[in-house]
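*Asks:* I have a structure I would like to understand better, so I am pasting it below and will then ask my questions one at a time.
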Amino acid sequence: MKLLQKPKLLLAIIVFGALFVIGLAGGALGDAFGLGFLGAPIAALQLPAEPISSEPNIGGFHITNTMITTWASIVILMVLGFVATRKIKEVPTGFQNVFEVIIEYFQKLGEGISGKRSTQYIPLVMTIFLFILVANWIGVLPGFGTIGWIETPEDLIHHAEEQHKDLSQVKLNVFNGSGDVGILGFGSVSDTVTAEEWEHDHNIIEDGKQAGILIPFLRSANTDINTTLAIALVAMFFVHFWALRTLGFRSHAKKYINFKQGPIWFAVGILELISEVGRVISFTFRLFGNIFAGEVLLVAMAFLIPIIGIMPFIGLELFVGLIQAYVFSMLTLVFASVAGAAHDDH
Amino acid sequence: MDALGINLPGLITQLVSFAILFAALWMVLYKPIAKAMGDRAKKIQDSLESADKAREEADSSREAMEKQISDARAEGQKMIAGAKDIADRFKEEELAKAKEEIKAEKQRAEADIQRERDAAIDGLRREFASIVVDAAEKIVEKSVDQSKHKDLIDKVMKESSALGKDK
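Chains as they are written, first to last, in my numbering: chain R, 2 to 347; chain D, 428 to 594.
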C-alpha cells in the first residue's frame, strides 16, 4: 500500500474524514436522525442590506453592512496600490508584478478589440476588476454573516407590519445568553419561534435567553444590489462618455434616435436604447445573483455539514468571485470598444 | 425596489465610494505602473535598436578591414611582380650588353688580325719589289733610262699589289 508509506498523508486523510463524519452527524443533516449535537444555526438571509445598528448612524442615515465591506475593500485596494507603487522597480516583483499582469492583460485584450483607443478604458476596467475581486474574496472570510447585533422582536414585528407580512411567517431565533452582539456559533441558537408566538406570550423565552435575529456587521459587498447597480451605472456612464468623446455627439446620438434612414432604422434606434438599459440591468443582476447565490450556498452548507463540509464550496465561491470580476470588467471593455466604433460602415 | 433593497442613500453611497476608489486607483496604481511599463518598453526598444546599430557598425568595420587586408595583399603581389619584372629586364639587358661586348671584342680582334696580315703582306711585297728592282738593276744596269725605269717599277708594284689582294 502506497498510502502506508506516507504517514502524513494518511493522517491528514483520517483527520479530514473524521471531521467530515463529525460535521455530517452533528450538523443539520444528522439532526434529522436524532444527532445534531453541534447545534449548527442557520443565518437569516434577506435581500436588502441590513443596517449595522438599530438606530440611524449619522443624521438619519443607516450605514449598512455591505457599505462596511465596500469600504474595507477600498481600503485594502488603496493600501495594496500604495505598497505596489511606493518603490517602482524596473524589474517588477511582488504586488507591482501582480498589478502589471492585470493591467497588461486588459491592455492586450483591449488592443485586440479596438486598438490604441482602448488605452483610455483600462483604468476603469482595472478598478472594476480589482474591486469586485477583492469584495468577493473577502466576503467568504470567516466572520462574514456570523457576527452581528441582535435585532429585537419588537423591531422585527414593527418592520414586518410595515411591510404587511404575516407574523406567523417571521421566524425568531432564540439565542443563548444576552447582550447586543451575538455570534452564530455552535449551540448559540437553541430554538426557533415565530413572531406570532412571541407576541402571544413573551414568556416562551426562558430566562437568560433572548429572541431576535442576528444582523451581521459584515456582508459581502456584491450581495447588495446597490453596490452592483452603482458599478453598472459607473461602467455604462463611462462607456457613453468615451463614445461621445470618440464619435462626437451627433454620431453617437444617431445610433439611438435616427429619423433620416426610414422607420426601420428608427425602430432599431429604439431597440438600441432599450438594450442599453438592459445592459445596466444584466450587469447588476448577473453579479448580484451569482454572489448572493454563493452566499446562500455557503450558509446552507455550513448549516448542513458544519466544520469542513463548506471547504470545497469556499473554493468554488473564490472561483465564482474571480469569474464574475473578470466578466464584469471584460464586458465593460467590450461595450466601450463597441460603442466607440464608428457605425457608418454598416 | 424596496424588496430588492435598492434605495437612494445606499446607491449614492456606493456610487461615491466607487468613484473615490476609481480616482484613487487611477492616481495611485494605474498611472505609476503604466508609466513604469511604458518606460520599460521604451528602454527595451532602445537597447534593441542600439544593439542592432552596434552589430551593423561591427559588420561594416569588419568589411572595411577585410577590404584593407585584401588591398594590401594585392598591392604586395603587385610590388613583387614589379620587382620580378625589373630583375628580368635587368638580367636581359646585362646579358645583351655582355653579348654585345663579346661581339665587339671579337670584331676588334678580327680587325687587328686583318690589319696585321695586310701589313705583313705589304712589307713582304715591298721587300719583294726592292729585291726585284735590285735584281733588275743588276741585270740591265745602264740600258734602261730613268723614265722606262719608273714605268717598270709602277707596273711591278701594281702587279704585286694585285697579287696581294686576290689570295
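Note that CB positions come from ideal geometry on N, CA and C, so glycine has one too.
Note down, in chain order, every chain D residue with its Cβ under 7 Å from the Cβ of Thr153 (chain R).
*Replies:* Mapped onto the first sequence, residue 153 (chain R) falls at position 152. The contacting residues do not exist; Thr153 (chain R) stays about 21 Å from chain D at best.
*Asks:* Just the C-alpha distance for Gly310 (chain R) and Gly295 (chain R), rounded to the nearest angstrom, thanks.
*Replies:* For this step, residue 310 (chain R) is matched to residue 309 along the first sequence. For this step, residue 295 (chain R) is matched to residue 294 along the first sequence. Their backbone Cα atoms lie some 15 Å apart in a straight line.
*Asks:* If the cut is a Cβ gap below 9 Å, which residues of chain D does Val235 (chain R) touch?
*Replies:* As a first step, residue 235 (chain R) must be located in the first sequence, where it is residue number 234. Under the 9 Å cutoff, chain D gives Leu442, Phe445, Ala446 and Phe449.
*Asks:* Looking at the C-beta of Pro49 (chain R), does it have a partner C-beta in chain D at a distance below 8 Å?
*Replies:* Along the first sequence, read from residue 1 onward, the residue named residue 49 (chain R) stands at position 48. It does: the Cβ of Pro49 (chain R) has a partner Cβ on chain D nearer than 8 Å.
*Asks:* Leu81 (chain R) lies in the alpha helix (DSSP H); which residues open and close that run?
*Replies:* Locating residue 81 (chain R) in the first sequence gives position 80, where the first residue counts as 1. Leu81 (chain R) -> alpha helix (DSSP H) spans Asn66 to Arg87.
*Asks:* Using three-state DSSP, classify Leu215 (chain R) as helix, strand or coil.
*Replies:* Mapped onto the first sequence, residue 215 (chain R) falls at position 214. Reduced to three states, the DSSP call for Leu215 (chain R) is strand.
*Asks:* What does the alpha-carbon distance come out to for the pair Gly140 (chain R) and Ile315 (chain R)?
*Replies:* What you label residue 140 (chain R) is simply residue 139 of the first sequence in a count that begins at 1. What you label residue 315 (chain R) is simply residue 314 of the first sequence in a count that begins at 1. Cα to Cα, the separation comes out at about 10 Å.
*Asks:* Going along the chain, which residues of its own chain have a beta-carbon closer than 7 Å to the beta-carbon of Ser444 (chain D), five neighbours each way excluded?
*Replies:* Locating residue 444 (chain D) in the second sequence gives position 17, where the first residue counts as 1. Nothing meets the Cβ criterion.
*Asks:* I want to verify the contact list: residues of chain D whose CB lies under 7 Å from the CB of Glu91 (chain R), in sequence order.
*Replies:* Here residue 91 (chain R) is taken as the residue at index 90 of the first sequence, counted from 1. Going along chain D in sequence order, the residues near Glu91 (chain R) (Cβ under 7 Å) are Arg467.
*Asks:* What three-state label does DSSP hand Glu207 (chain R) in the structure shown?
*Replies:* Mapped onto the first sequence, residue 207 (chain R) falls at position 206. Residue state, collapsed to three classes: coil.
*Asks:* Measuring alpha carbon to alpha carbon, tell me which residue in R:Gly82, R:Val269, R:Ala73 and R:Ser338 is nearest Ala236 (chain R).
*Replies:* Taking the first residue of the first sequence as position 1, residue 236 (chain R) is located at position 235. Checking every option, the nearest Cα to that of Ala236 (chain R) belongs to R:Ser338.
*Asks:* In terms of DSSP beta bridges, what is Trp150 (chain R) paired with?
*Replies:* Walking along the first sequence from the start, residue 150 (chain R) turns up at place 149. Bridge partners of Trp150 (chain R): R:Val182 and R:Ile216.
*Asks:* Which residues, in chain order, does the stretch 454-480 of chain D contribute to contact with chain R at a C-beta distance below 7 Å?
*Replies:* Correct list: Val455, Leu456, Tyr457, Pro459, Ile460, Ala461, Ala463, Met464 and Arg467.
*Asks:* Note down, one range per segment and in chain order, each beta strand (DSSP E) of at least 3 residues found wholly within the stretch 234-263 of chain R.
*Replies:* For the stretch 234-263 of chain R, not a single whole beta strand (DSSP E) run of length 3 or above is found.
*Asks:* Decide if Pro154 (chain R) is buried, meaning its Cβ has at least 16 other Cβ atoms within 10 Å, or exposed.
*Replies:* What you label residue 154 (chain R) is simply residue 153 of the first sequence in a count that begins at 1. The residue in question, Pro154 (chain R), is buried, as its Cβ has 16 or more Cβ neighbours within 10 Å.
*Asks:* Using a Cβ cut-off of 8 Å (strictly closer), state whether Pro8 (chain R) contacts chain D.
*Replies:* Here the question's residue 8 (chain R) lines up with position 7 in the first sequence. No, because no Cβ of chain D sits closer than 8 Å to the Cβ of Pro8 (chain R).
*Asks:* Over the uninterrupted alpha helix (DSSP H) stretch that includes Lys172 (chain R), give me the two end residues.
*Replies:* In the first sequence, the residue the question calls residue 172 (chain R) occupies position 171. Looking at the DSSP string, Lys172 (chain R) is not in any alpha helix (DSSP H); the run it does join, the beta strand (DSSP E), is Lys172 to Asn177.
*Asks:* At what residues does the beta strand (DSSP E) containing Val135 (chain R) begin and finish?
*Replies:* Here residue 135 (chain R) is taken as the residue at index 134 of the first sequence, counted from 1. Segment Ile123 to Ile139 is the alpha helix (DSSP H) holding Val135 (chain R); no beta strand (DSSP E) there.
*Asks:* For a contact defined as C-beta to C-beta under 8 Å, what are the partners of Ile104 (chain R) on chain D?
*Replies:* Position 103 of the first sequence, counted from the start, is the residue given in the question as residue 104 (chain R). Here the neighbours are Tyr457, Ile460, Ala461 and Met464.
*Asks:* Based on the DSSP secondary-structure assignment, which residues constitute the bridge partners of Thr440 (chain D)?
*Replies:* Start at 1 with the first residue of the second sequence, and residue 440 (chain D) comes out as number 13. Paired residues: none, contrary to the question.
*Asks:* Buried or exposed for Ser74 (chain R), please, with buried defined as at least 16 other CB atoms from any protein chain shown within 10 angstroms of its CB.
*Replies:* Here residue 74 (chain R) is taken as the residue at index 73 of the first sequence, counted from 1. Its Cβ being crowded by 16 or more others within 10 Å, Ser74 (chain R) is buried.
*Asks:* For a contact defined as C-beta to C-beta under 8 Å, what are the partners of Phe100 (chain R) on chain D?
*Replies:* The residue given as residue 100 (chain R) occupies position 99 in the first sequence. The answer, in chain order, is Leu456 and Ile460.
*Asks:* Could you compute how far the alpha carbon of Ala44 (chain R) sits from the alpha carbon of Leu299 (chain R)?
*Replies:* As a first step, residue 44 (chain R) is located in the first sequence; it is residue number 43 there, counting from the start. As a first step, residue 299 (chain R) is located in the first sequence; it is residue number 298 there, counting from the start. If I take the Cα positions, the gap works out to 10 Å.
*Asks:* Quick one: grab the DSSP three-state call for Thr193 (chain R).
*Replies:* Here residue 193 (chain R) is taken as the residue at index 192 of the first sequence, counted from 1. It is a strand residue.
*Asks:* Find the nearest neighbour of Gly35 (chain R) within the set R:Ala26, R:Pro42 and R:Ala41, judged by alpha-carbon distance.
*Replies:* Taking the first sequence and counting its residues from 1, the one referred to as residue 35 (chain R) is at position 34. For Gly35 (chain R), the nearest C-alpha among the options comes from R:Ala26.
*Asks:* Against Ala430 (chain D), what residues of chain R qualify as contacts under a CB-to-CB distance less than 7 Å, listed in chain order?
*Replies:* As a working note, residue 430 (chain D) is residue 3 in the second sequence. What Ala430 (chain D) touches in chain R: Leu48.
*Asks:* Contact check, Ile176 (chain R) vs Gly183 (chain R) under 8 Å by CB: the rounded distance?
*Replies:* Position 175 of the first sequence, counted from the start, is the residue given in the question as residue 176 (chain R). Position 182 of the first sequence, counted from the start, is the residue given in the question as residue 183 (chain R). Rather than Ile, the amino acid found at residue 176 (chain R) in this sequence is Phe. Contact flag correct, Cβ pair sits at about 6 Å.
*Asks:* DSSP three-state call for Phe62 (chain R): helix, strand or coil?
*Replies:* Here residue 62 (chain R) is taken as the residue at index 61 of the first sequence, counted from 1. Of the three classes helix, strand and coil, the one that applies to Phe62 (chain R) here is strand, per DSSP.
*Asks:* When DSSP labels each residue in this structure, what does His347 (chain R) get in the three-state scheme?
*Replies:* Reading the first sequence from its first residue, position 346 is the one you call residue 347 (chain R). Interpretation of His347 (chain R) is limited by its pLDDT of 43, a score under 50 that renders its predicted location unreliable; no figure is taken from the coordinates.
*Asks:* Take Phe130 (chain R) and list the residues in its own chain whose beta-carbon comes closer than 8 Å to its own, dropping the five residues that flank it on each side.
*Replies:* As a first step, residue 130 (chain R) must be located in the first sequence, where it is residue number 129. Contacts found: Ile103, Phe107, Ala326, Tyr327, Phe329 and Ser330.
*Asks:* Leaving out five residues on either side along the sequence, give the residues of the same chain with a beta carbon under 8 Å from the beta carbon of Thr193 (chain R).
*Replies:* Numbered from its first residue, the first sequence carries residue 193 (chain R) at position 192. Once the five neighbours on either side are set aside, the close Cβ partners of Thr193 (chain R) are Lys172, Leu173, Asn174 and Val175.
*Asks:* Per DSSP, Pro52 (chain R) is paired with what?
*Replies:* The residue given as residue 52 (chain R) occupies position 51 in the first sequence. Paired residues: R:Thr65.
*Asks:* If you draw a straight line from the C-alpha of Asn434 (chain D) to the C-alpha of Ala446 (chain D), how long is it?
*Replies:* Sequence index remark: in the second sequence, residue 434 (chain D) carries index 7 (1-based). Sequence index remark: in the second sequence, residue 446 (chain D) carries index 19 (1-based). Their backbone Cα atoms lie some 18 Å apart in a straight line.
*Asks:* Give the interface partners of Phe62 (chain R) over in chain D, defined as CB-CB distance under 7 Å, in chain order.
*Replies:* Here residue 62 (chain R) is taken as the residue at index 61 of the first sequence, counted from 1. Pro436, listed in chain order.
*Asks:* So which of D:Met584, D:Leu579 and D:Pro459 has the shortest CA-CA distance to Thr86 (chain R)?
*Replies:* As a working note, residue 86 (chain R) is residue 85 in the first sequence. Of D:Met584, D:Leu579 and D:Pro459, the residue nearest in Cα terms is D:Pro459.
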